[in-house]
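As structure tokens, the structure follows; a few thoughts come after it.
In my numbering, the protein residues as written are 1 to 95.
Structure (structure tokens):
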């Protein structure tokens, strides 16, 4: 599907994008190329192809879940305006 200058101007208007007159030709060519690629991709027969959840069917390397930081809750809560039983107290905003 090839676009013309008017199509690109209308798309730019709808998208609220300002395109200079000297950039319209290049933008038209780029958008037409994208639409041609989409047409090629849609023409591929995908019957019987199972969709992938991820393009690379690999598993993540997992690291050991080790504690690397010390517990600083007391230091953080010492400067808090209000705490109770290890929790921060905040003003109620929704009734």
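Just so it is clear, CB atoms sit at the ideal spot from N, CA and C, and this is done for glycine as well.
Residue range of the alpha helix (DSSP H) that residue 34 falls in?
Taken as a continuous stretch (DSSP letters only), the alpha helix (DSSP H) holding residue 34 covers 24-43.
What whole-angstrom Cβ distance do residue 83 and residue 77 have, given they're in contact under 8 Å?
Right, their Cβ atoms sit about 5 Å apart.
Counting pairs of beta carbons, one from the segment 5-14 and one from the segment 27-47, are three or more of them closer than 8 Å?
Judged by Cβ distances under 8 Å, the segment 5-14 makes contact with the segment 27-47, as three or more pairs qualify.
Alpha carbon to alpha carbon, how far is residue 25 from residue 15? Give it in angstroms, no decimals.
The straight-line gap from Cα to Cα measures roughly 18 Å.
For residue 11, report the span of its alpha helix (DSSP H) as first-last.
Residue 11 -> alpha helix (DSSP H) spans 5-14.
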